[in-house]
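To start, the structure under review is shown below, and the notes come after it.
Residue numbers (our numbering), protein chains in the order written: chain A, 13 to 249; chain B, 13 to 249.
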């Protein structure tokens, strides 16, 4: 939504309630058989994976560029999205599953949980949900993820000491992907991201958040959460 | 090297002998502190990760495009490189480490192995080498990787039934990345990739291999391997 708003593209948004497993309902699986959100549909083309969607949106539509022009800054942008998607994001997810998502189901009846799990289309996702709900993380896995978040905060900080945006001199897809992961860290992981240890990160989050398009996307998100009866988590990942 | 040859860019190649751990020697670590090959250096810019290098090469130099023009085919190209880099490649690597790389050191003295391991700059790589050399893979991990290779072969086959190249109608970075992983499969995993079960894959490998630029890159690679005293493995990953 941030990329679409930044480009000024009109779109229709369908909210998918993840904790209610709406991503595993037949209507959604017809669009995205892997049962993961979000999904972008444009002129019959279906694109999944947020980062790929952002590159597609930048290439398919007019509007302000979301990728720097110099090839070396583009490479830096993609090095960031690769790192965020493959290392930082999974660590953040593991902790989010363990601390927040899993516990939401700990008081649900076993049979009901099994019924929800049975609907998940891929074995890998089924295993992830099962691990989180029944708290079956391998010993040390959550601690290791926390260490990786710390390393990520250090990498973000040192990049932002060199330039105002992750890819260099201009706002890019790296900032969108980065914000969506790190935006909630000062609140959820205040010991890792705060004014003292990561001042550049804090300024950068504020810089992203104050862009009119980002503000508009976040407001849409809050509206959808409210309509679905979920508590809106300001800047949550 | 394939991307550079396809673009017609002149370059100087430095062969890094991985089984001799040359990627962990100080001279190489000064260029790439993570100690992974390959690394691209252009005008003082250092780019790591093969797929990112390919996108950089296509953006930084003149020559025939290595990415399709239509945004939806570009998205398909990136969906392929993402899948190859994040799922297919790691499964292939795990088996390659377990079957080929690890056993190369099983007769080496323990102290000498420990000395080699101590030079590895990242904890994650050190753990990977240790697991392979001492055959400490978790139960079932190699079998699961084999299943993933089978799934990958099926996905490649069904994509190549729809179009001659992975991204659609034109040769692209997806074919380069795909060839570098799947090129050795008919020889190393003949039960998975062969004329009967994956005829489209076999034709595609031949189509990639017969391109003059790919031929030239493979010849350079064979020359470097011979000069280093390593047996050249035709089309090996």
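For each residue, glycine too, the CB sits at the ideal point set by N, CA and C.
Residue i to residue j span [Cα, whole Å]
| i | j | result |
| --- | --- | --- |
| residue 250/A | residue 140/B | Missing from the structure shown is residue 250/A; chain A here goes from 13 to 249 and no further. |
| residue 162/B | residue 145/B | 25 Å |
| residue 122/B | residue 132/B | 16 Å |
| residue 153/B | residue 147/B | 11 Å |
| residue 207/A | residue 67/B | 36 Å |
| residue 195/A | residue 216/B | 44 Å |
| residue 187/A | residue 75/A | 17 Å |
| residue 149/B | residue 109/B | 10 Å |
| residue 124/A | residue 169/A | 44 Å |
| residue 103/B | residue 239/A | 42 Å |
| residue 234/B | residue 226/B | 12 Å |
| residue 19/B | residue 88/A | 21 Å |
| residue 246/A | residue 230/A | Caution is warranted here: a pLDDT of 43 is assigned to residue 246/A, below 50, making its placement in the model unreliable, and the coordinate value is therefore given only provisionally. Straight-line Cα distance between these residues: approximately 8 Å. |
| residue 251/A | residue 228/A | One cannot answer for residue 251/A here, as it falls past the ends of chain A, which runs 13 to 249. |
| residue 17/B | residue 39/B | 26 Å |
| residue 222/A | residue 155/A | 33 Å |
| residue 130/B | residue 117/B | 15 Å |
| residue 81/B | residue 63/B | 18 Å |
| residue 60/A | residue 91/B | 8 Å |
| residue 35/A | residue 83/A | 37 Å |
| residue 205/B | residue 241/B | 29 Å |
| residue 96/A | residue 95/B | 16 Å |
| residue 27/B | residue 49/B | 10 Å |
| residue 53/A | residue 111/B | 43 Å |
| residue 203/A | residue 31/A | 27 Å |
| residue 180/B | residue 115/A | 44 Å |
| residue 126/B | residue 167/A | 30 Å |
| residue 176/A | residue 77/B | 32 Å |
Proximity to residue i [Cα-Cα], best of the options
| i | options | result |
| --- | --- | --- |
| residue 72/A | 86/B, 61/B, 105/B | 86/B |
| residue 218/A | 58/A, 192/A, 236/A, 204/A | 192/A |
| residue 8/A | 68/A, 89/A, 82/A, 137/A | Outside the displayed range of chain A (13 to 249) lies residue 8/A, so it cannot be described from this structure. |
| residue 220/B | 178/B, 116/B, 97/B, 69/B | 178/B |
| residue 251/B | 29/B, 77/B, 16/B, 203/B | Given that chain B is displayed from residue 13 to residue 249, the structure contains no residue 251/B and the question cannot be resolved. |
| residue 135/A | 47/A, 38/A, 175/A | 47/A |
| residue 210/B | 234/B, 165/B, 96/B | 165/B |
| residue 56/A | 62/A, 176/A, 42/A, 49/A | 42/A |
Check whether residue i and residue j have beta carbons under 8 Å apart
| i | j | result |
| --- | --- | --- |
| residue 93/A | residue 189/A | yes |
| residue 232/B | residue 65/B | no |
| residue 100/B | residue 160/B | yes |
| residue 198/B | residue 214/B | yes |
| residue 113/B | residue 33/B | no |
| residue 79/B | residue 171/B | no |
| residue 182/B | residue 107/B | no |
| residue 24/A | residue 44/A | no |
| residue 142/B | residue 173/B | no |
| residue 98/A | residue 37/B | no |
| residue 69/B | residue 15/B | yes |
Note to self: Output needed in chain order: residues of the stretch 46-63 of chain B with a Cβ under 7 Å from some Cβ in chain A.
What the structure shows: Result list: 57, 59, 61.
Item checked: Selection of the stretch 92-124 of chain A by Cβ proximity to chain B, strictly under 7 Å -> Those residues of the stretch 92-124 of chain A placed with their C-beta closer than 7 Å to a C-beta in chain B are 94, 98, ordered along the chain.
Next item on the list: Check distances from the C-beta atoms of the stretch 124-143 of chain A to those of chain B and list, in chain order, the residues that come in under 8 Å.
Entry: Result list empty, no residue passes.
Check: Quick one: complete alpha helix (DSSP H) runs, 4+ long, within the stretch 109-165 of chain B?
Finding: Entirely contained in the stretch 109-165 of chain B, the alpha helix (DSSP H) runs reaching 4 residues are, in chain order, 122-130, 135-145.
Margin query: Runs of 3 residues minimum, wholly inside the stretch 18-102 of chain B: which ones carry the beta strand (DSSP E) assignment?
Written below: Along the length of the stretch 18-102 of chain B, whole beta strand (DSSP E) runs at least 3 residues long occupy 51-54, 57-60, reported in chain order.
Note to self: Please list, in chain order, the residues of the stretch 183-215 of chain A that have any C-beta partner in chain B closer than 8 Å.
What the structure shows: Answer set for the stretch 183-215 of chain A: empty.
Check: Going along the chain, which unbroken runs of the beta strand (DSSP E) with 3 or more residues stay wholly within the stretch 163-201 of chain B?
Finding: Not a single unbroken stretch of the beta strand (DSSP E) spanning 3 or more residues falls wholly within the stretch 163-201 of chain B.
Notebook entry, point to check: Between the stretch 169-181 of chain B and chain A, which residues of the former have a C-beta closer than 9 Å to a C-beta of the latter?
Noted result: Against chain A - using a Cβ distance shorter than 9 Å - the stretch 169-181 of chain B contributes no residues.
Check: According to a CB-to-CB cut-off of less than 7 Å, which residues of the stretch 70-86 of chain B neighbour chain A?
Finding: Only those residues of the stretch 70-86 of chain B whose C-beta falls short of 7 Å from the nearest C-beta of chain A are listed: 71, 72, 83, 84, 86.
Next item on the list: Would you list, in chain order, the members of the stretch 151-162 of chain B that have their beta-carbon closer than 8 Å to a beta-carbon of chain A?
Entry: Residues of the stretch 151-162 of chain B that bring their beta carbon within less than 8 Å of a beta carbon in chain A are absent altogether.
Margin query: Restricting to runs no shorter than 3 residues, where is the beta strand (DSSP E) found entirely within the stretch 200-228 of chain A?
Written below: Fully enclosed beta strand (DSSP E) runs of 3 or longer: not present.
Checklist line | Residues from the stretch 32-45 of chain A in contact with chain B, defined by Cβ distance under 8 Å | finding: Along the stretch 32-45 of chain A, none of the residues has a CB nearer than 8 Å to a CB of chain B.
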